[in-house]
Amino acid sequence: MELKLDDLTKKFGSFTAVDHISLTMTNGVYGLLGINGAGKTTLMRMLCTLLRPTEGNIYCNGSDIFEMDGEYRRLLGYLPQEFGFYPEFTVHDYLLYIATLKGIRPAVARKRVRELISQVGLTNAAGKKMKKLSGGMKRRAGIAQAMLNDPKILILDEPTAGLDPNERIRFRNLISELSEERLILLSTHIVSDVEYIANEIWLMGEGTILHRGSLEEIIASIPENVWECSVKKDQIAAIMRNYKISNMKTEPEGATLRIISRDRPAESAKRTEASLEDVFLYYFGENAKSEAEEID
Amino acid sequence: MVRFEIKKIFSRTGNKIALLLLAALLSLTCFLTIGSVEYVDEQGESASGIGATRRLREDKNQWAGEITEGVLLKVLQKNAEINASEEYLSKDVQENNKAYAKKQGFSDIRDMLNHAFTPFREYDYYRVDSLTAEEIAKFYEQRVIVLTDWLNSDEAKDRYSEEEKNFIITKYRELQTPLYYEYADGWQAFAEYAPTIIMLTVLLLAFPIAGIFANEFQCRAESIFFSTRLGRNKAVLSKIYAGIWIITGIYWTVILLYSVVVLGILGTDGAECAIQTGLGGWKSFYNITYLQEYFLIVGGGYLGSLFILTLVMFLSARTHSTALPVTVPFILLFIPSFLSNLPVLSEALGILPDQLLQMGQTVCMFNLYQVGKTVFGAVPIIMILYPVLSCALLPLLYHIYSKTEIK
Ligand SMILES: Nc1ncnc2c1ncn2[C@@H]1O[C@H](COP(=O)(O)OP(=O)(O)OP(=O)(O)O)[C@@H](O)[C@H]1O
Ligand SMILES: [Mg+2]
Chain A
1 MELKLDDLTK KFGSFTAVDH ISLTMTNGVY GLLGINGAGK TTLMRMLCTL LRPTEGNIYC
61 NGSDIFEMDG EYRRLLGYLP QEFGFYPEFT VHDYLLYIAT LKGIRPAVAR KRVRELISQV
121 GLTNAAGKKM KKLSGGMKRR AGIAQAMLND PKILILDEPT AGLDPNERIR FRNLISELSE
181 ERLILLSTHI VSDVEYIANE IWLMGEGTIL HRGSLEEIIA SIPENVWECS VKKDQIAAIM
241 RNYKISNMKT EPEGATLRII SRDRPAESAK RTEASLEDVF LYYFGENAKS EAEEID
Chain B
1001 MVRFEIKKIF SRTGNKIALL LLAALLSLTC FLTIGSVEYV DEQGESASGI GATRRLREDK
1061 NQWAGEITEG VLLKVLQKNA EINASEEYLS KDVQENNKAY AKKQGFSDIR DMLNHAFTPF
1121 REYDYYRVDS LTAEEIAKFY EQRVIVLTDW LNSDEAKDRY SEEEKNFIIT KYRELQTPLY
1181 YEYADGWQAF AEYAPTIIML TVLLLAFPIA GIFANEFQCR AESIFFSTRL GRNKAVLSKI
1241 YAGIWIITGI YWTVILLYSV VVLGILGTDG AECAIQTGLG GWKSFYNITY LQEYFLIVGG
1301 GYLGSLFILT LVMFLSARTH STALPVTVPF ILLFIPSFLS NLPVLSEALG ILPDQLLQMG
1361 QTVCMFNLYQ VGKTVFGAVP IIMILYPVLS CALLPLLYHI YSKTEIK
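Right under this line is the structure:
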C-alpha cells in the first residue's frame, strides 16, 4: 500500500490550511503531531475524499484517489475528530448500518460486527442506544466502525481525545495490534500518544510538514540542548523571560525547571536527554506551551 | 440499505410525532367530511352521520335517472307546491326547515336550474321559483348561453383569446345530455375535503423527508457517511429510494384510509354521474364523471406531493438542514391563495403545484393555456409538468448530495 501526496494544497479563501505537501507513505504507523489549527484535520479530510484539494493530487498505488472513488474508499477506514452517531440506533445496528455503507455482505457484516464489538470491549453495550454511551465508549464504537472493512488505510483524527489514561494505553495497544499490513495515519497533539507507537513522526505547523522521521531522528533534529535546574522563587521570572521552558515543577523554595537552550542557562543546570515533548515545544514555541502542560 | 434509512428517519421522536399528528388529523378530517353531509328531517332538524346520510340518499335517489324535460317540469311543480305550503310561508324558521326537508330530494336539480338561469358569475337561490315551463325546455342550451354571454362581457372579453373561448364553448357543447342524476354526496364531500388531508400529509411529511438528507449533518455523522465505499453512490440512491418509499407509502395509506372511511359511510352512488350534476361542478368544462374526478384528485395529489417533497429532498441535500426545506411546502401551498387577487398572476397561479393537490377545485377553474392555436386546460399541463420536473430533480439531487464536501 502506498499513498503519495503530490504538492497537496488546500485553501479556504485566501487562507492556506494545507500548503504544498509532497510525501509518500507506505505501511506502518505515522504520527501527525501539531498544534491547533496546524491543518491536520484538513489534510486527513482530503485523504478521505471528503474535501477536494485546491491544488495537487493524492495517489493510491499510482491512481488518483478521487478518480478511484468507491474503489479507494473500499480500502479506507476513517475516525473523524468530531463526529456523531444516529442517537436512536443501538451500537449493534449502527455498526451493521456502516457495514452496509461499506458494501459488506450482510452475513459477513454480522460476523465482523460481533468480532469488533468484542475487540473494542463493547460487548456489554452492544444493545445500548448510541445516545446513552459515554464519550470513551463512543470513541471505541468509532474505532470499530473504522475497522469494519478491515481497511488497508486507516486514518484516525485525534483518536485519543477525551480518553482517560487507561483507555489511552488500551487504545495504543490496539493500534499496535492493528498496525501490521496497514497504513495508519493518526493525528494528535498529545505527544505521548505517538512517542511509542509511531514508526514515523510528522511535525505539522501552518499547513506544512516541518520535520519528519523516527522518534530518534526527530529528537536529534533540534540544534539546542535540554537542561534541568532548580532555581529560587525570585529567579523564575527572569529565566522564563529569556528561555524556553518545557516544564516547571514548583517546590517550597522555588522550582525545578526544564529549559531548552543552546548554552547553559545557569550555573546549577545539568544537561539531560531531550524528549519528544521538548522537540514539540522547541518547534511550536509559546503556542505549544498549553499543549505541553495538558500532558501532565 | 433503504430499510436502514427508513428506520433511521422514524427512530427520531420528532418524526414519530409528525406521523401521530397525521393520524390524528386524518381522523379529524374524516369526521369533518362525514359531518359536512347534512340531512334535514320532517321535523326540520338537521343531522349528520350514518343514519342521516342513508335517509338523504333515499330521498335523493327518488330522483335518480336522466334529467329530462319531464323531470325538470316535475321539479318545478313540486317546488311550487312546497312554496305554497303552510310551512314554507310561515314566519317560523323551524317550519321553513320542514319545507326545505321536502325539497331535499331534488335540491341538486334545483341548484342546477338556478345556475342555468342566472348570469355566469351570480347565483340566485330563488331563481327556480320564477321559472316557467317554456324556459325549462332550454335548460341544457342555457348552460352554453350563460357562458357565451359571460365570455362576451367586459369582465371576460379580453381575458381569453378567440381560440380559448371556442375551446370552452366546444367543451360545454360536448357534455352529454340529458345528464344522468343520482345521489353523489359521497364523491362531492370527498372532493371538497380531500385537499385538506392531502395538504396536511405533504406539510407533515416534509419533516421526515427533509431529515433523510439533513440528518447526517444534524447528527454530525456525515464525515463517516461520505468516507465509506458506497457513501457517494449507492447510499445516496438509497436515500432517494427511501424518500420515494416514504412519500408513496404514507400518501397512499392516508388516501386509502380516507377514501374507505368517507366513501364507505357516505356511499359511492353517483360514480358514473357527470361532475356537472352538482352545485360545484356545473360550470366545469372538464367532461368527466365523479369516479374520474376521484382518480384525478388522488392521482394529482400523489404527483403534487411527489413533486413538492422531491423539492424538499433537494433543498435539504443542498442546505444540509431541515429548517428551510420544511417551510417550502407552506410557501407553495399558502402563498398562491394570498396572491390570487392579483390578475396579472392568474395565468401562472393556475399551474402551480398546489393545483395538483386540489384537483376537485382545479377542474372547476377557468385556467386556459394556449400554445400556437392549440388550447389546453390546466389539468393536463400540471399532470405532465410536475412529474417531468420531479424526474428532472432526482438526478440533480443525486449529483448534489454525492458531491458533498465536508468543510
Ligand atoms: N471550512 C473551513 N473554512 C475556513 N477555514 C477553515 C476551514 N476548515 C479549517 N479551516 C482553517 O484551517 C486551519 C486548519 O484547520 P484544521 O482543522 O485542519 O486544523 P487541525 O490541525 O486539525 O487543528 P486541531 O488540532 O484544532 O484539530 C485552521 O486555521 C482553520 O481555521
Ligand atoms: Mg483537527
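Chains as they are written, first to last, in my numbering: chain A, 1 to 296; chain B, 1001 to 1407.
Heads up, the beta-carbon is just placed ideally off N, CA and C, and yes, glycines get one too.
For residue i, which residues in chain B fall below 9 Å Cβ to Cβ?
i, result
"Lys303 (chain A)", "In the structure displayed, chain A extends from 1 to 296; residue 303 (chain A) sits before or after that span and is not available."
"Pro300 (chain A)", "Past the boundaries of the shown model lies residue 300 (chain A); chain A is included only from 1 to 296, so the question cannot be answered."
With DSSP run on the structure shown, which of helix, strand or coil describes residue i?
i, result
"Ala1398 (chain B)", "Reading off the sequence shown, one finds Tyr at residue 1398 (chain B), where the question assumed Ala. Helix at Tyr1398 (chain B)."
"Trp202 (chain A)", "strand"
"Gln1094 (chain B)", "helix"
"Thr263 (chain A)", "In the sequence as presented, Thr is not what sits at residue 263 (chain A); that position holds Asp. The answer is coil: DSSP assigns Asp263 (chain A) none of H, G, I, E or B."
"Gln1176 (chain B)", "coil"
"Leu1296 (chain B)", "helix"
"Glu216 (chain A)", "helix"
"Arg298 (chain A)", "Outside the shown range of chain A, which is 1 to 296, sits residue 298 (chain A), and nothing can be said about it."
"Ile1406 (chain B)", "coil"
"Ala1018 (chain B)", "helix"
"Asn225 (chain A)", "strand"
"Lys10 (chain A)", "strand"
"Leu79 (chain A)", "strand"
"Ile295 (chain A)", "Here the model assigns Ile295 (chain A) a pLDDT of 41, short of 50, so the residue's position is not dependable and the matter cannot be decided."
"His189 (chain A)", "coil"
"Lys289 (chain A)", "Here Lys289 (chain A) scores only 43 on pLDDT, less than 50, and its place in the model should not be relied on; the value that follows carries that caveat. In the structure shown, Lys289 (chain A) sits in a helix (DSSP, three-state: H, G or I)."
"Cys60 (chain A)", "strand"
"Asn1166 (chain B)", "helix"
"Leu5 (chain A)", "strand"
"Arg1143 (chain B)", "helix"
"Lys249 (chain A)", "strand"
"Tyr243 (chain A)", "coil"
Do residue j and residue i have their beta-carbon atoms positioned less than 8 Å apart in this structure?
i, j, result
"Thr1277 (chain B)", "Ala1137 (chain B)", "no"
"Glu228 (chain A)", "Arg258 (chain A)", "yes"
"Asp1354 (chain B)", "Leu1389 (chain B)", "no"
"Ile175 (chain A)", "Ile169 (chain A)", "no"
"Gln81 (chain A)", "Glu180 (chain A)", "no"
"Glu195 (chain A)", "Leu163 (chain A)", "no"
"Ala125 (chain A)", "Ala109 (chain A)", "no"
"Gly213 (chain A)", "Gly34 (chain A)", "no"
"Gly103 (chain A)", "Arg1229 (chain B)", "yes"
"Thr1362 (chain B)", "Ala1214 (chain B)", "no"
"Leu76 (chain A)", "Ile153 (chain A)", "yes"
"Met130 (chain A)", "Tyr94 (chain A)", "yes"
Only counting the same chain, and skipping five residues up and downstream in sequence, which positions put a Cβ closer than 6 Å to that of residue i?
i, result
"Ala1194 (chain B)", "Ile1297"
"Ile58 (chain A)", "Leu5 and Ile65"
"Val120 (chain A)", "Arg140, Ile143 and Ala144"
"Glu1087 (chain B)", "Glu1095, Lys1098 and Ala1099"
"Asn199 (chain A)", "Gly28 and Val29"
"Val1375 (chain B)", "Glu1163, Glu1164, Phe1167 and Leu1368"
"Gly56 (chain A)", "Asp6, Asp7, Leu8 and Thr9"
"Gly207 (chain A)", "Thr16, Ala17, Val18, Asp19 and Gly39"
Taking Cβ-Cβ distances shorter than 7 Å, what residues in chain B pair up with residue i?
i, result
"Ile65 (chain A)", "The premise fails here: Ile65 (chain A) is roughly 11 Å from chain B at the closest Cβ pair, so nothing lies under 7 Å."
"Cys48 (chain A)", "Ser1227"
"Gly39 (chain A)", "Those within 7 Å of Gly39 (chain A) in chain B number zero; the least Cβ separation is about 14 Å."
List the residues of chain A that residue i touches, going by C-beta distances under 7 Å, in chain order.
i, result
"Arg1318 (chain B)", "The contacting residues do not exist; Arg1318 (chain B) stays about 18 Å from chain A at best."
"Phe1004 (chain B)", "Tyr97 and Thr100"
"Ser1321 (chain B)", "Result: empty, since nearest Cβ-Cβ is about 15 Å, beyond 7 Å."
"Ile1406 (chain B)", "Arg45, Leu50 and Leu51"
"Ile1224 (chain B)", "Tyr78, Pro80, Phe83, Ile98 and Gln145"
"Met1001 (chain B)", "Thr100"
In chain B, which residues lie with their C-beta within 8 Å of the C-beta of residue i?
i, result
"Gly121 (chain A)", "Those do not exist, as Gly121 (chain A) stays about 20 Å from chain B at its closest Cβ, beyond 8 Å."
"Arg74 (chain A)", "Arg1229"
Leaving out five residues before and five after residue i in sequence, what residues of the same chain have Cβ atoms less than 8 Å from its Cβ?
i, result
"Ile209 (chain A)", "Ile21, Leu23, Trp202 and Leu203"
"Lys232 (chain A)", "Glu253 and Gly254"
"Tyr1172 (chain B)", "Arg1143, Val1144, Leu1147 and Phe1285"
"Ala1156 (chain B)", "Trp1150"
"Ser1402 (chain B)", "Arg1232, Asn1233 and Val1236"
Name the chain A residues that come within less than 9 Å of residue i, Cβ to Cβ?
i, result
"Ala1235 (chain B)", "Thr100 and Leu101"
"Lys1239 (chain B)", "Per Cβ cutoff of 9 Å: no residues; Lys1239 (chain B) is ~11 Å from chain A at best."
Give me, in chain order, the residues of the same chain whose beta-carbon lies closer than 7 Å to that of residue i; leave out the 5 immediate sequence neighbours on both sides.
i, result
"Tyr78 (chain A)", "Cys48, Ala146 and Ile155"
"Thr160 (chain A)", "Arg168, Phe171, Thr188, Ile190 and Asp193"
List, in order along the chain, the chain A residues whose C-beta lies closer than 8 Å to that of residue i?
i, result
"Ala1221 (chain B)", "Phe83, Gly84, Phe85 and Tyr86"
Neighbouring residues (CB closer than 7 Å to any heavy atom of ligand 2) | Output, sorted by chain position: A:Lys40, A:Thr41, A:Gln81, A:Asp157, A:Glu158 and A:Ser187.
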